[in-house]
Amino acid sequence: MEAGDLQFWLRIAQIAAIPIGACIGAIVAIIGVRKTLAGNLERTQKTQAINFVLARHQDGQYTKSVDVVISAKERGLAIAGYADQKMRTDEISSSIRYILNSHEYMAVAVNNGIFHEQMLYESSRTSTVRIFKYLYPYIHVNREQTNKTAFVEFEKLARRW
């Protein structure tokens, strides 16, 4: 190899090193940005989850609805019967729907990555599963009579937990 050839190849190596260095720098920057965004997403999910839990605890209608349903359970009333269209205006039926809708909204948010699932699992698992088990007869009849997909997200979440 002659001196001219060596100079030529050294120059090619210098020129090639610039784009390679830039690419490596860009890759490192992208990795850093992804880690930052992932951390921000998790913080946002946790914030949304805790805000939901706190808002539900302060929701007077939710609290009243839970009291109405607990009272119905203690009296031995058949929850499934309240899914009947004739009972839609009954206080117990309205309370059941209010509770189910609240849990369906939570489940949709969890199942779509809006709420941090582990945080809600730790704070609401017991009550969520208990409510699902108790209100499932209502859900089942509601699906048979009016809406085959009623509360499916809530069911997925409750069964997963």
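Here the sequence shown is numbered in this note's numbering, starting from 1328 and rising by one per residue. Glycine residues also receive a C-beta, built at the ideal position from the N, C-alpha and C atoms. No experiment lies behind these values; they were computed from the predicted model shown.
- Of all C-beta pairs linking the stretch 1411–1418 to the stretch 1436–1455, fewer than three are shorter than 8 Å, placing the two stretches out of contact.
- Counting along the chain, GLY1387 sits inside the alpha helix (DSSP H) bounded by residues 1387–1401.
- Inclusion of ASN1439 and LEU1484 in the CB contact set at 9 Å is not warranted, their separation being larger than that value.
- When GLU1482, ILE1419, GLU1449 and ASN1474 are compared, the shortest CA-CA separation from LYS1391 is found for ILE1419.
- Remark: C-beta atoms of THR1455 and ALA1410 do not approach each other more closely than 9 Å.
- Rounded to the nearest whole angstrom, the C-alpha separation of THR1374 and LYS1400 is 34 Å.
- In terms of Cβ geometry, GLU1480 and ALA1434 form a close pair [threshold 9 Å].
- Proximity to GLU1471 across LEU1381, VAL1395, LEU1404 and GLY1408 peaks at GLY1408, based on C-alpha coordinates.
- Nearest Cα to VAL1395 within the set ARG1487, LEU1462, ASN1367 and PHE1379: LEU1462.
- Straight-line spacing of the CA atoms in VAL1468 and ASP1386 works out to 27 Å.
- Distance between ILE1423 and ASN1367, taken at the CA atoms: about 36 Å.
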